[in-house]
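Novice: Here it is, the structure, as structure tokens.
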Amino acid sequence: MEKTKIYYKKNIKLNKPILLVGLPGIGNVGSLVGEHLKNELKAKRFATLYSPHFMHQTVMLKKGGFRLISNRFYVTTNDEGRSIIILIGDTQAGSPEGQYEVNDKIVRFFKKIGGREIYTIGGYSAGTGYIDHPKVFGVASEKKARETLAKNGVVIGKAAGTIWGSAGLLLVFGKKNKIPSACLMGETGMLEIDANAAKSVLEVLMKIIKVNVNLENINKIRKETEKIIKEINDAASGNTDQYQQDRAKLTYIR
Numbered sequence: 027m028e029k030t031k032i033y034y035k036k037n038i039k040l041n042k043p044i045l046l047v048g049l050p051g052i053g054n055v056g057s058l059v060g061e062h063l064k065n066e067l068k069a070k071r072f073a074t075l076y077s078p079h080f081m082h083q084t085v086m087l088k089k090g091g092f093r094l095i096s097n098r099f100y101v102t103t104n105d106e107g108r109s110i111i112i113l114i115g116d117t118q119a120g121s122p123e124g125q126y127e128v129n130d131k132i133v134r135f136f137k138k139i140g141g142r143e144i145y146t147i148g149g150y151s152a153g154t155g156y157i158d159h160p161k162v163f164g165v166a167s168e169k170k171a172r173e174t175l176a177k178n179g180v181v182i183g184k185a186a187g188t189i190w191g192s193a194g195l196l197l198v199f200g201k202k203n204k205i206p207s208a209c210l211m212g213e214t215g216m217l218e219i220d221a222n223a224a225k226s227v228l229e230v231l232m233k234i235i236k237v238n239v240n241l242e243n244i245n246k247i248r249k250e251t252e253k254i255i256k257e258i259n260d261a262a263s264g265n266t267d268q269y270q271q272d273r274a275k276l277t278y279i280r
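Set out below in structure tokens:
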């Protein structure tokens with residue numbers, strides 16, 4: 027494989043597609059949001075992206091098979107009949123050159139299939155502690171989009187710093203290709219898996235893209251996280267071994 031490639035079903039019919047991008051990143055907020063929407067909306071895969079800029083890894087499957095790591099596009103419809111495309115994946119490109127190539131490829135592909143809007147999902151670092159009521163911060167390429175985000179509870183103009191990886195570069199390439207683009211970032215205390223931040227983003231995103239999904243599964247992960255954090259806090263004042271064991275649990279919450 028010499029360059030990034032996207033394989034897709036060419037006969038698929040789409041209606042004013044909206045792209046939602048939920049790739050691994052800070053707090054895994056994007057991945058949680060993307061996977062949850064894909065599962066709850068019963069989205070169907072129609073395209074797969076492979077790249078030599080991804081790590082040289084092959085995923086082992088439950089039934090004994092395997093597959094190359096990838097990014098995957100799924101499609102469903104919203105309450106207004108518009109096509110919702112959800113991009114999720116195992117990883118992001120590991121180098122600046124790879125990030126530019128992969129994200130440019132994604133936007134060019136989306137434009138080719140008639141793409142109209144892009145929303146990337148990420149986490150916004152706000153210290154190291156657990157945040158009970160995470161805010162959702164946002165940026166957007168157009169004034170009208172920023173106004174829409176603000177009306178739906180997104181904090182505009184208060185976030186500072188930079189947006190890493192696909193969550194940021196897809197905005198740049200989207201704007202370059204005249205596709206309105208925005209990023210929603212759930213406020214997170216740098217947990218490995220922050221379902222609380224993901225829930226906050228989902229509550230806002232559902233209103234913006236006109237879908238309605240059950241949040242029961244994301245709530246289960248959130249409650250499990252809160253339970254472990256309580257155990258960590260209790261153990262921190264006494265049993266050091268127990269403290270280390272509880273900290274390790276946060277890595278494996280799914």
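Everything in the sequence shown is counted per this note's numbering, starting at 27 for the first residue and increasing by one.
For every residue, glycine included, the Cβ atom is placed at its ideal position computed from N, Cα and C.
Which residues bound the beta strand (DSSP E) around Leu46?
Specialist: Ile44 to Val47
Novice: DSSP state of Glu66, grouped into three classes?
Specialist: helix
Novice: Going by Cα to Cα distance, which pick from Ile205, Ile254 and Met81 is closest to Tyr145?
Specialist: Ile205
Novice: Please identify the residue among Lys161, Phe80 and Leu58 whose C-alpha is closest to the C-alpha of Ile112.
Specialist: Leu58
Novice: Anyone know if the C-beta pair for Arg115 and Leu210 falls short of 7 Å?
Specialist: In the sequence as presented, Arg is not what sits at residue 115; that position holds Gly. No, Cβ-Cβ distance for Gly115 and Leu210 is not below 7 Å.
Novice: Short check: CB of Asn203 to CB of Lys253, under 7 Å?
Specialist: no
Novice: Anyone know if the C-beta pair for Gly179 and Val101 falls short of 7 Å?
Specialist: No. Outside cutoff.
Novice: Just to confirm the assignment, what range does the alpha helix (DSSP H) spanning Val101 have?
Specialist: No alpha helix (DSSP H) contains Val101, which is instead part of the beta strand (DSSP E) from Asn97 to Thr103.
Novice: Using the rule of at least 16 other Cβ atoms within 10 Å of the residue's Cβ for burial, across every protein chain shown, is Leu87 buried or exposed?
Specialist: Exposed, because fewer than 16 other Cβ atoms sit within 10 Å of the Cβ of Leu87.
Novice: Secondary structure at Phe80, three-state DSSP: helix, strand or coil?
Specialist: coil
Novice: Who are the near neighbours of Lys68 in its chain, counting only those whose CB is closer than 7 Å to its CB and skipping five residues on each side?
Specialist: Thr102
Novice: Are the CB atoms of Leu75 and Asn97 within a distance shorter than 7 Å?
Specialist: yes
Novice: Given that a residue counts as buried once 16 or more other Cβ atoms are within 10 Å of its Cβ, and exposed if not, what is Val85?
Specialist: exposed
Novice: Let's see if you can read the secondary structure: which residues bound the beta strand (DSSP E) around Tyr126?
Specialist: Here Tyr126 belongs to no beta strand (DSSP E); instead the alpha helix (DSSP H) covers Pro122 to Lys138.
Novice: Mind checking who Gly148 pairs with in its DSSP beta bridge?
Specialist: When DSSP reads this structure, Gly148 sits in a beta bridge with Met211.
Novice: Nearest CA to the CA of Pro43: which residue from Gly200, Gly141 and Asn245?
Specialist: Taking Pro43 as reference, the option from Gly200, Gly141 and Asn245 with the minimal CA-CA separation is Gly141.
Novice: Return the CA-CA distance between Glu143 and Ser207, expressed in angstroms with no decimal places.
Specialist: 6 Å
Novice: In the DSSP assignment, find the beta strand (DSSP E) that holds Val237 and state where it starts and stops.
Specialist: Note, Val237: premise wrong, no beta strand (DSSP E); not H, not E.
Novice: Pull up the distance between the alpha-carbon of Lys35 and that of Phe72, whole angstroms please.
Specialist: 6 Å
Novice: Unbroken beta strand (DSSP E) runs of length 3 or more, entirely within the segment 150-231: which are they?
Specialist: 162-166 and 207-214
Novice: Can you tell me where the beta strand (DSSP E) with Lys31 in it begins and where it stops?
Specialist: It spans Lys31 to Tyr34 - the beta strand (DSSP E) in which Lys31 sits, taken as one unbroken run.
Novice: Between the beta-carbon of Ile147 and the beta-carbon of Val237, is there less than 7 Å?
Specialist: no
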